[in-house]
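First residue of the sequence shown? That's 2 in my numbering, and the numbers climb one at a time after it.
Below is one structure, written out as structure tokens, with a few remarks after it.
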Amino acid sequence: MKSLLYVVTALAVFGLAFWAYRENYATQQVLKETRSLQRNIGAAQERLSVLKAEWAYLNRPDRLIELAELNFERLGLLPLRPDQFGRVDEVTYPLQPALLITEGVDVSGLNATSGQEAGQ
């Protein structure tokens, strides 16, 4: 009986050792993937900051004014003036047309027939 207990205990220890070995390597793989994802996120954030800096550089007011002056004949762009802006209360919105019912529908006959059909 003792030998059977020793064999079962040894098998349990081997099984637990095999499980711990697999979990260790699975954990290491997940940690590698996490580090790789963090590197990719860092690289994407760096690219995004470069793109934001380029966008800010390209949208400099002096550069845009120069481009508007160079292409004035083709585009006809003029600088904005304060009197070109309006107030919100000056905006007129179109009125929604009222829905007109041109043909009437008799609903009393529909309810009576559907009630009779449901009872049959």
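Even for Gly, the Cβ is constructed at its ideal location relative to N, Cα and C.
Note that this is a predicted model, so its numbers are computed, not measured.
Using a Cβ-Cβ cut-off of 8 Å, state whether residue i counts as contacting chain D.
i     : result
Tyr26 : Of the protein chains in this structure there is only one, and it is not chain D.
Helix, strand or coil, according to DSSP, for residue i in the structure here?
i      : result
Ala99  : coil
Val89  : helix
Tyr94  : coil
Arg61  : coil
Glu70  : helix
Asp107 : coil
Since residue i and residue j are thought to touch, with beta carbons under 8 Å apart, how far apart are those beta carbons, to the nearest angstrom?
i     : j     : result
Ala69 : Leu78 : 4 Å
Over what stretch of residues does the alpha helix (DSSP H) that includes residue i continue unbroken?
i     : result
Asn78 : For clarity, residue 78 is Leu in the given sequence; the question names Asn instead. Where Leu78 is concerned, there is no enclosing alpha helix (DSSP H), given that its DSSP letter is neither H nor E.
Beta strand (DSSP E) runs contained entirely in the stretch 6-56, provided each spans 3 or more residues: none
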